[in-house]
Structure formats: C-alpha cells, structure tokens
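Notes follow the structure.
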DNA sequence: GTCTATACGAAGATAGAC
DNA sequence: GTCTATCTTCGTATAGAC
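Chains as they are written, first to last, in this note's numbering: chain A, 118 to 312; chain B, 118 to 312.
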C-alpha cells in the first residue's frame, strides 16, 4: 500500500476510535490493530499520538465544512426547505463517516489542552464564520442551528440511538430531540451499528 | 480530618480535574496532590479511579437536579421570567462549582464506555424526566432548553470564555450564544479564572 | 513501506506500617 | 486516617533491521 493510502486508512480508523474513547482513552496500539499494522508504524507515520489526533480533527472539521459548502452551493432542486434545515440534514448525514461527530465532541471538551484545545476553538469559530459569512445566517439562526447541532452530538455521545429500545423514556427523549430525523439516526447509529 | 470530610474534599477537587481533562486524562495522583494527600489513599478511599469518577458524576448530576428543583419550588418573587429562563440561569450558576458542566460533558461523550456510559445515559434521561414531569415542559420546550444547555456546555468545553479577547470572531460567537448571560459567564469562567 | 525488539516512563493498585 | 514502598501493567516512542 502506498504511504498516502495508508495514511488515509489510518486516519479513517483513528477517527472511529478517537470518537469512541477520546484522545486519552485511545492507544496508538488500538489504532494500529484496527489498521492491521504495527504500533510503531503508526507513530512513525504521524510523529506523535497528538499529531495523529490533530490530523483526525482537521479532517473531521474539513469534512464538515465541505459537506456544508456543497449543500450551500448546490441548487435547491426538489428540496424547498430553508437552508438551516438542509444544513442540518447534512450534519446528520455525517453519521455516514463513523466517528466524526463524536471525535469533534471529544475535541470540543478538551479546551483545556494547550494544543488540542486551541485547535478545537479554531475549528468551532471556523464553523461560526461559515454560518455567518457564507450561509448568511442571522445571529438568531446561528444560535438555533448550533444549539440543535450540539444537542444532537451530545445525544450521540451518550449513545442514545445505540441504546434504543432499552428505556422508554430514553426513546421518547430521542423522539423529542431528533423529531423527523429519528428514523435516519436509528438507521445509521442505532443498535447493531457495530464498529 | 474525618473520613467523610476528606471524601467531600476529594470529590470537590476531582470534579475540577475530571472537568479539565476527563476520566482517562486525569490521574489519581493529580487528584491526590490537589487534595494534599497520597495517591494510594485516594484509591483506598474509592476503590478504583472509575468508582471515583462515578461518584463525581453522581454528585454533579445531583447538584444539577437539586439546583433545578430549588428554583422550581421557590416562589417567583421579583423574577417574572418563564421557568425556562429561570432554570437556564440556574444552569449558568452551576459555574460556581468548578468543573460541574465540563465533567458532565466528559461523561456525556463517554457513552461508549460500558460503565460510565450507562451512568451518563441514566443521568441525561433523569434530566429529561425532570423537565417533562416536574417542570412540565412541553416537548418543544424540552428541545429548546436542552439544545441551549448543550451549546452552553460545549462552549465552556472549548474554553471560549477563558479565551476571551484573543479572537474577535470568538468573542462575537460568545455574544451570539450567551446573549444576556455573557457578563455572568465572563465573570465566572473568563480569563484569569484559574483553577 | 513495514517490522521486531526494546527502552523508558507513567499510572493504577496492593501490602503493610504507624 | 494516612503514609511509604513497591508491584505490575500498559503505552508511547526510539533504534535499527529487512
């Protein structure tokens, strides 16, 4: 495998693992095993675990903004909903790439870390700039959009969809929070969506 | 110091530390040093680091619900705002106990962990039940309240208030998200609010 | 491009003393 | 109630070979 392909592969599996257990909870050996290579080779490729995490974070943020920009620039077509709703669906669709939401959330709770925290703040502000400057959201729209996005992410964080069917109140909460997106979420992150 | 007092003291400092660096990122030795005791004594007292974290989490959730219930049961007095706003202020006031919001968020992103994740889910659903059954929120009100709360927590997670003054766009984002609460937040979590 | 071997330092937990 | 000493395991990173 070429170095470039290997890099991508490692970043892919690392996104899933970091999403599951965060920076401190994930070992380079777990990444290596998931990628089918040796632990030292992972380190060799990225220098340090921290650099690996930063690349994973950058990629996740890049994918997010790329997804948003694509929606923003694509013709509405048969989708006559307001841009807020369309971008919201794009956010949900990121579930297609395992670990993105949860890796971002892990980064967002690491503000205290001098390196990762700085990157996380930059990333969040980048998203804000996109909403304000490119999507032309009003402050009120930004507030609603980000709020809903964060609730969505946190509910993924506690694995509410994965625990579907175990507690009626938990299921009801999903219904309340995800509303029309409930079906899609259960399909993409529901029980048995093993990693 | 009595065992009970020592317990409380350890739980206090552990809340701050777990809030800063999460379960995996915090060592029992850091907790011990912050409490001015030896590392083995911390373990001795709580059995394992995981049990310590679970107690910290329970306490944080307990404090949250206790705060909410107090507001719910207290007479409105001169505060004529709707209950959503009053509970929201209560949530902000939890900043008075260092680490509560961020420890909760760390727990909420650990859904994957069999033990901590289960406790986190239970905790979140407990909050939902409170809003639905005790505060009598409508589903729409629940959705808005939880959304705003999670955005609030995430912005604390990235330490946006602590980084105030470093990036105009970041400051603007704070304004957009915190609105009238901006002042209080900066006072309680702004730059120089060292731990 | 990828491995094996390994050094080195944490970090959680235990034993046992005072 | 609290400590010191220590065991043991784990995890990152390096060295160097193929």
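Even glycine gets a Cβ: it sits at the ideal position worked out from N, Cα and C.
In the DSSP annotation of this structure, the continuous segment of the alpha helix (DSSP H) that includes residue 168/B starts and ends at 166-190. Contact annotation for residue 284/A against chain B: 242 [CB-CB distance below 7 Å, chain order].
By the C-beta density criterion, residue 192/A is exposed, having fewer than 16 other C-beta atoms within 10 angstroms. Using a CB distance below 7 Å, the part of the region 245-262 of chain A facing chain B consists of 245, 246, 256, 259 and 260, ordered along the chain.
Annotation for residue 147/B: 134 place their beta carbon closer than 7 Å to its own, counting only its chain and skipping 5 residues before and after. Counting only residues of its own chain and dropping the five nearest sequence neighbours on each side, residue 292/A has a CB closer than 8 Å to the CB of 299.
Taking 8 Å as the cut-off between beta carbons, the residues of the region 131-144 of chain A near chain B are 137, 138, 139, 140, 141 and 142, in sequence order.
Residue range 120-142 is occupied by the alpha helix (DSSP H) that includes residue 124/B. Within the same chain, 149 come within 8 Å of residue 155/A by CB-CB distance, once the 5 residues on both sides are set aside. Between the beta-carbon of residue 240/B and that of residue 178/B there is about 4 Å, and that keeps the pair under the 8 Å contact cut.
Per the Cβ contact rule, the region 129-144 of chain A is in contact with the region 210-227 of chain A (3 or more Cβ pairs under 8 Å). Under the Cβ criterion of 9 Å, residue 206/B is not counted among the residues facing chain A.
With a threshold of 16 other beta carbon atoms within 10 Å, residue 278/A meets it and is buried.
If you draw a 10 Å sphere on the C-beta of residue 267/A, you find 16 or more other C-beta atoms in it, and that means buried. Cβ neighbours of residue 222/B within its own chain (closer than 6 Å, five residues either side excluded): 270 and 274. The region 254-265 of chain B and the region 197-207 of chain B touch, with three or more beta-carbon pairs separated by less than 8 Å.
Look at residue 289/A: its C-beta is under 9 Å from a C-beta on chain B. Using a Cβ-Cβ cut-off of 7 Å, residue 222/B is close to 226 of chain A, given in chain order. At a cut-off of 9 Å, the C-beta of residue 309/A has no neighbouring C-beta in chain B.
Residue 252/B has its alpha-carbon roughly 16 Å from the corresponding atom of residue 197/B.
When the beta-carbon positions are compared, residue 180/B and residue 211/B come within less than 9 Å of each other.
With the criterion set as a beta carbon lying under 9 Å from some beta carbon of chain B, the members of the region 260-279 of chain A are 260, 261, 263, 264, 265, 266, 267, 268, 269, 270, 271, 272, 273, 274, 275, 276, 277 and 279, in sequence order.
Residue 122/A is classed as exposed because its beta carbon has fewer than 16 other beta carbons within 10 Å across all chains shown.
Comparing alpha-carbon positions, the option among 287/A, 281/A, 289/A and 286/A lying closest to residue 305/A turns out to be 281/A.
Taking each of 129/B, 309/B and 238/B in turn and checking the Cα distance to residue 290/A, the smallest one comes out for 238/B.
When the beta-carbon positions are compared, residue 232/A and residue 171/A come within less than 9 Å of each other. Distances from the alpha-carbon of residue 163/B to those of 249/B, 152/B and 127/B put 127/B closest. For residue 266/A, the enclosing alpha helix (DSSP H) begins and ends at 256-274. Cβ-Cβ separation between residue 174/B and residue 236/B: approximately 6 Å, consistent with a contact (criterion under 8 Å). The contact set of residue 215/B on chain A, defined by CB atoms closer than 7 Å, is empty, because the minimum CB distance reaches about 12 Å. DSSP, reduced to helix, strand and coil, places residue 253/A outside both helices and strands of the structure shown, so it counts as coil.
Only residues of its own chain outside the window of five on either side were considered, and among them 278 and 281 have a CB closer than 7 Å to the CB of residue 303/B, listed in chain order. Linking residue 209/A to residue 295/A through their CA atoms gives a straight-line distance of about 10 Å. In the three-state scheme derived from DSSP, where H, G and I count as helix and E and B as strand, residue 246/B is classed as helix. Taking a beta-carbon distance threshold of 9 Å, residue 234/A counts as an interface residue toward chain B. Boundaries for residue 309/A: no alpha helix (DSSP H) harbours it, and the DSSP string shows neither H nor E there.
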